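Structure, as structure tokens:
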Amino acid sequence: MASDENAPAGSSQSLVEGSAAGAHARTTAREILADAIAKDRTIIGVRVGGRVVDLHTPFRHDGATPVEPIRTTDADGLRIIRHSTAHVMADAVQRLFPGTKVTIGPAIDAGFYYDFDKPNGPFTDEDLEKIESKMREIVAAGKPFRRELVDRETAHQLFARMGETYKRELIDAIPAGEEVSLYHHGDGTSDWVDLCEGPHVPDTSHLAAIKLVSVAGAYWRGDERNPMLQRIYGTAFPSQKALDEHLKLIAEAKERDHRKLGKELELFMFHEYAPAMPFLLPRGAVVYNALVTYMRDLYLDYRYDEVITPQIFDKKLFETSGHLPNYRENMYLPVTAEHLDQARMALRLGVGGDDASYREADAERDKAVIQHLAELERLSQKPMNCPSHCLIFGQRRRSYRELPWRMADFGRLHRYERGGVVHGLARVRSFCQDDAHIFCAPEQMQVEIASFLRLLQEVYAAFRFNKVDIRLATRPQKRIGTDAQWDAAESALALALQDAKLPYEVAPEEGAFYGPKLEFHVEDALRRSWQLGTIQVDYALPDRFDLEYTGQDGASHRPVMLHRAILGSLERFFSVFLEHVAGAFPVWLAPEQAVIVTVSEKQAAYAEEVVNLLRSRRLRVRADVGADKLGAKIRNARLLRVPYVVVIGDKEAAERKVAPRSRDLNKDLGAMTLEDFASRLQEEAVPPRLKAGSTWA
């Protein structure tokens, strides 16, 4: 069966026609649920044994496995709607713009997209309106979706006749002998067809509310060495009301875009001389350092030891860890001036003489060049911390008394990301993580995971993430370790969650090859989901680095390694949280916690006195005592989302008081003594701690 880049997440056609399924009866969901479907048009698919299948595609059923309906309001139903809408959009594009080639068009969290190779320039806003209008015609026609299985050669010939070079490239990657899944929609005579695993809605009339949102450039397969394509983003919902609500969120998201806010609030910048590597400006550096300080303070409470590790390593480290084959193209390989000089000298060899001397010199030159090119790759800036932490653990013989050892590292990491995927702070090439690795005995896993969960709850509560979804990714087919090890690891993760009364979803076979993991997805103020935290059990690296400790029995034992992060990349977290709070950082994180504004320059001396006292309490404040009018000063502070604007006029100066206005309460607090305000601000400037018994679950 062909792998499908267009298929919704979680879909599978392993049950469908063409699959080996013994003597099970061949049927469709429409036949099994005929009565329910007749009464409920919102049923557009089914879940069979954890797999998603559409209503019209035949599959083999044993008669006992439950067939659960999927409705348009379900998460899987929404993915089906959006995936089908992507097909309709591609159909409309090719009708309106002949010669346009299609690539892939998946459903995504916020809707869907499809990438096109369009001649004669990019799509315009007017083009989007025409495409959307044509889509509505196709929807109104109620064109049925139909699945077809063909052999690879037939599929290749079909798309060759259509001139679809990108589809042919995808087909070339399918192993010989495997069937290829196609989906048609149309009247049977002039169908639009795509390389696709499905599932899809029964017909286009089920696509009730659609909207095209934007156009962007995207490289084929995210690689800037490939052609630049035109990506059209859209969304779809089961009702117009749901769509309208979503469009409001999209408009709000544009206002909250961290790239826009970063510029307006003077938090960070980028420059062509350091592509995709952020510059944190003074205000942004305050926030960034506050994040690190907050985590460091928590590490003291949770008994973590912080280490500092080198930036550059011999690539043998990453060969030992097994990362080099997978990460080489994302690793920075430093080139020194000495390396370049040696390579240049090698290239100068082999001049003069007869043919024989030329050949001999050329061979010598080639050997020297290869040697020096290999030297260029000998060193690498680290793309992750875990291998270096293994070196620290293996520095000497360890005892069971030293376990668990919780090792934290805020070291800077570098990963080369293709130009087509970098995005503000959310995807950069230089970043730092709240990274830590826990080395423990196998029997300590559950306790360590439970401790991590408590820490994670405290952190997410502090950042106002009140909804967190947890996924337990279990053993994949290809894995290392014994079944007993996997049983113990999966059990430790599940029991820790159950003891903490945290609900979770199991993601079968989605664990890493070296161990199972938990993923933590937070929901922001715009109801968008972001994966931030993770904890992963690793049996592989301790083996690769031959890590051992002496147990209580005097024998050597292999530790388990737990990879964990809560914020993840600090740069990415900065972007997520900035959008979550729309730039209005809580007092303890705010670049400026208060701005002192004067009615006139006559109060400048008292304003400076106020600033000095507050700064002596380690508070971040400044004074605006310029000649601008009071209204302009207040407006400037509000534009920077400063939590408190403190007004000082003649009355306040005479009575040695202040008149603060709270951003969060959106009201004036009235005149108060400087000491009262300082105490209030000091209290709010302390990072929050999770109250006993509270939780975001």
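UniProt numbering applies: residue 1 is where the sequence shown begins, and numbers increase by one. By construction, the Cβ of each residue, glycine as well, lies at the ideal position given by its N, Cα and C atoms. Nothing here was measured: the structure is a model prediction, and the numbers come from that model.
Could you check what DSSP says for residue i in three-state terms: helix, strand or coil?
i, result
"Gly353", "Residue placement at Gly353 cannot be trusted, given a pLDDT of 40 that sits under 50; the coordinates are not used to answer."
"Lys629", "coil"
"Gly262", "helix"
"Ala582", "coil"
"Asp524", "coil"
"Ser600", "coil"
"His538", "In the sequence under discussion, the amino acid at residue 538 is Asp, which differs from the His named in the question. Strand."
"Phe574", "helix"
"Pro206", "For the record, residue 206 in the displayed sequence is His; it is not Pro. His206: helix per DSSP, three-state reduction."
"Gly63", "coil"
"Ser3", "For Ser3, the predicted model reports a pLDDT of 37, less than 50, meaning its position is unreliable; a value from the coordinates is still stated below. Residue state, collapsed to three classes: coil."
"Asp74", "coil"
"Lys467", "coil"
"Val686", "coil"
"Ala173", "coil"
"Trp220", "helix"
"Ala692", "With a pLDDT of 43 at Ala692, under the threshold of 50, the predicted position of this residue should be treated as unreliable, though the coordinate-derived value follows. Three-state result, Ala692: coil."
"Met384", "coil"
"Arg225", "coil"
What separation, rounded to the nearest whole angstrom, lies between the Cα atoms of residue i and residue j?
i, j, result
"Trp588", "Ser600", "30 Å"
"Arg475", "Gln593", "48 Å"
"Ala654", "Val286", "34 Å"
"Asp257", "Gly420", "19 Å"
"Trp405", "Ser399", "11 Å"
"Ala627", "Val93", "58 Å"
"Tyr166", "Arg147", "20 Å"
"Ile470", "Glu490", "14 Å"
"Arg689", "Ile308", "27 Å"
"Pro310", "Gly284", "25 Å"
"Cys390", "Phe410", "16 Å"
"Pro275", "Ser575", "17 Å"
"Ala555", "Ile480", "23 Å"
"Arg26", "His61", "6 Å"
"Gly533", "Arg564", "7 Å"
"Arg656", "Glu579", "38 Å"
"Ala86", "Phe116", "12 Å"
"Lys118", "Ala290", "47 Å"
"Ile403", "Leu453", "According to the sequence as given, residue 403 is Leu; it is not Ile. One C-alpha to the other measures close to 19 Å."
"Leu333", "Leu317", "13 Å"
"Glu169", "Val102", "12 Å"
Find the nearest neighbour of residue i within the set the options, judged by alpha-carbon distance.
i, options, result
"Ala64", "Val48, His56 and His185", "Val48"
"Ser205", "Arg401, Gly188, Pro387 and Ser239", "Ser239"
"Met277", "Phe431, Pro202 and Leu317", "Phe431"
"Ser569", "Ala160, Pro503, Val595 and Arg427", "Arg427"
"Asn666", "Arg638, Pro687 and Asp650", "Arg638"
"Ala141", "Leu614, Asp187, Gly111 and Glu509", "Asp187"
"Val597", "Gly99, Glu306, Tyr644 and Val422", "Tyr644"
"Pro282", "Phe268, Pro275, Met89 and Ile174", "Phe268"
"Met407", "Glu306, Pro387 and Ser388", "Glu306"
"Leu472", "His521, Glu579 and Asp668", "His521"
"Arg572", "Leu170, Arg259, Met162 and Ile43", "Arg259"
"Met331", "Leu249, Asp524 and Arg429", "Arg429"
"Tyr327", "Met295, Leu298, Tyr302 and Ser380", "Ser380"
"Phe59", "Thr72, His87, Ala685 and Arg30", "Arg30"
"Gly394", "Val621, Asp543, Leu247 and Ala90", "Asp543"
"Arg412", "Leu425, Arg396, Val422 and Asn385", "Asn385"
"Gln552", "Arg401, Gln457, Lys467 and His437", "Arg401"
"Asp76", "Tyr304, Lys101, Arg95 and Ala107", "Ala107"
"Ala525", "Ala494, Glu129 and Phe463", "Phe463"
"Glu652", "Glu609, Val686, Phe545 and Val642", "Glu609"
"Arg82", "Ala209, Gln433 and Phe545", "Ala209"
"residue 755", "Arg661, Leu640, Asp172 and Arg641", "Shown here, the chain extends from 1 to 697; a query on residue 755 therefore has no answer."
"Glu523", "Ala540, Asp487 and Ala461", "Ala461"
"Val595", "Val646, Arg635, Asp223 and Gly50", "Val646"
"Pro687", "Val459, Arg152 and Asp91", "Val459"
"Asp223", "Tyr416, Ser181, Ala176 and Ala160", "Tyr416"
Write down the C-beta distance between residue i and residue j rounded to the nearest angstrom, noting that I regard them as a contact closer than 8 Å.
i, j, result
"Leu212", "Gly234", "4 Å"
"Lys382", "Phe313", "6 Å"
"Asp54", "His184", "Contact flag wrong, Cβ pair sits at about 13 Å."
"Gln536", "Ala512", "6 Å"
Inset, instruction - Write down every uninterrupted run of the beta strand (DSSP E) in the region 386–442 whose length is 3 residues or greater and which is fully enclosed by it, in chain order. - result: The region 386–442 contains these whole beta strand (DSSP E) runs: 405–409, 412–414, 430–432 and 435–440.
Inset, instruction - List in chain order: all unbroken beta strand (DSSP E) runs of 3+ residues lying wholly within the region 100–167. - result: Listed in chain order, the complete beta strand (DSSP E) runs (minimum 3 residues) inside the region 100–167 are 111–117 and 145–151.
Inset, instruction - Can you check the region 444–498 for any beta strand (DSSP E) of at least 3 residues that lies completely inside it and give the ranges in chain order? - result: Listed in chain order, the complete beta strand (DSSP E) runs (minimum 3 residues) inside the region 444–498 are 468–473.
Inset, instruction - Run through the region 251–322 for me and flag every whole alpha helix (DSSP H) of 4 or more residues, listed as ranges in chain order. - result: As for any alpha helix (DSSP H) of minimum length 4 sitting wholly inside the region 251–322, the runs are 258–264, 282–301 and 316–321, ordered along the chain.
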